[in-house]
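To convert, take the position in the sequence shown, counting from 1, and add 6; that gives our numbering.
See below for the structure under consideration.
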Amino acid sequence: MKPFHEIDRTSLDSTSLREQIDAYGYVLVRNLLPQEILQVLSREIISILHTAGWLLPGSNPSDRIANPNAACADDDPAYKDVYDQVFSLPSFHALPHLPLMQRVMKQLVGEELLIHPKSAARLIFPNFGPGIIHAHQDHTAVAGDTETFTAWLPLHDCPPDLGPLRILEGSHRYGLQPTAGRTGYITPGTERGSGWAGGAIHCGDLLIFHSLTVHEAAPNRSSQLRVSLDCRFQSYLRPVNPGVLVFTGSGRRSWERTYSLWPTDDLKYYWRSLPLELRPSLKELSELARNSERPEMRERYARMLTRIEAEMPLIAT
Ligand SMILES: O=C(O)CCC(=O)C(=O)O
C-alpha cells in the first residue's frame, strides 16, 4: 500500500486543492482542524457510548476500549439507538460548519457552499466484520452531482490498526464502477484505479475526496472503538439529490426529532433558504414514486416527495 499524498495546511489554496483532487481523487490535509473542538465532540460521543454499555466495564472511557459483548453495526437496532443520540448532538452538526472547514471546502467548490445536513458518524467496533465498510464510491448513495466531496475525519488519532479509511488513487477517473448487486460495494479485485493509498490519519487531519473516488475502511484490529465523521459538501449551484436533505426511511428519524432538544435555532434547516436545484426534481420524484420497478423504491420516492413538500415549502411551490 502506498502512503497518502499529503498537503500541509500552510500550502493550502484552491489551486493546490484542485490539482491534488484532479490528480489523485483525494487530498489529505494534515493538522488542519482545532483539537479542542474535536475533543469536545469526542467527549460527548464517548459519554453516549459509555452510557450505552459499549465500553469495557472498568476501563477509562477516554480510552474507548470496546465491550465485545456490545459489538453491533449499522443494521442493528442497538446501533440505531446510539446513532440517533449521536446524530442529535448540536456539536455533531456544527462540525462541518466550522469556519475553517467551510473555508477549505469553498476553495474546492466555490463560494456557494452547500453543506449536506446529514453528516455521518462512524462508531466502529474492533474485530467485528459487519462494521467494516468495503470498497465503494459515495456517488452510488449520495447521487446528485458528481462534483460532491466527502471530508473524513477521526476524532482521535487513527493508526493503521484502528481501521482508518484508505483510498484507491485515481479511481475517480473511471466513472461509476459496477457494484455487487444492491450491496453498493464494488466486488474486490474489480475496482479500477492506480493503487491503494493508506496509513495513519491523526486527530486534526482532514481527508477530502471526490464522490467518484473508491475508498474503504481498513479493518479495526485494535481493542478500541474508532469514532469518525464523514461530512459532505458541494456547490448549491449544482443539482442536489433530495435524499440528502430529508430522511428517506420509514423509521423514526426526522429533523423535528433531531432538533427537539437543541438550545438554539442557528443550524436548523439552514439549507431551506438556498436556491437548490433538485435531481431528481419534484416532477421526476413523483414519476419515480409511480413507476419505479421495485415497490420499496416506489415507497421511498413517495416518502421523499411528501417530506420535501412538507419541509421545503420554497422548493415545493
Ligand atoms: O468511516 C468509515 O468506515 C467509512 C466512511 C465512508 O465510507 C465515507 O466516508 O464515505
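All C-beta atoms, glycine included, are put in the ideal place defined by N, C-alpha and C.
Can you have a look at residue i and say buried or exposed, based on whether 16 or more other CB atoms are within 10 angstroms of its CB?
i	result
residue 287	exposed
residue 271	exposed
residue 316	exposed
residue 157	buried
residue 75	exposed
residue 241	buried
residue 172	buried
residue 177	buried
residue 182	exposed
residue 66	exposed
residue 144	buried
residue 211	buried
Given a cut-off of 9 Å, decide if residue j and residue i are closer than it, judged by their beta-carbon atoms.
i	j	result
residue 123	residue 250	yes
residue 285	residue 151	yes
residue 192	residue 220	yes
residue 318	residue 239	no
residue 282	residue 246	yes
residue 49	residue 230	no
residue 305	residue 244	no
residue 170	residue 206	yes
residue 19	residue 108	no
residue 116	residue 77	no
residue 13	residue 129	no
residue 235	residue 98	yes
residue 94	residue 267	yes
Could you tell me the boundaries of the alpha helix (DSSP H) in which residue i lies?
i	result
residue 28	20-30
residue 71	From DSSP, residue 71 is part of no alpha helix (DSSP H); its letter is neither H nor E.
residue 62	First-last for residue 62: undefined, no H or E at that position.
residue 261	261-265
From the DSSP output, read off the bridge partner residues of residue i.
i	result
residue 232	130
residue 237	157
residue 213	34 and 158
residue 246	284
From what residue to what residue does the beta strand (DSSP E) around residue i run?
i	result
residue 172	171-174
residue 13	12-14
residue 222	221-223
4-residue-minimum alpha helix (DSSP H) runs that sit fully inside the segment 75-155, ordered along the chain: Counting only runs of 4 or more, we get 83-93, 96-100, 105-115 and 144-148.
Any beta strand (DSSP E) of 3 or more consecutive residues that is wholly inside the segment 185-211: Taken in chain order, the complete beta strand (DSSP E) segments of 3 or more residues contained in the segment 185-211 are 202-204.
Continuous alpha helix (DSSP H) assignments of at least 4 residues falling wholly in the segment 283-308: Counting whole runs of 4 or more residues, the segment 283-308 contains the alpha helix (DSSP H) stretches 288-297.
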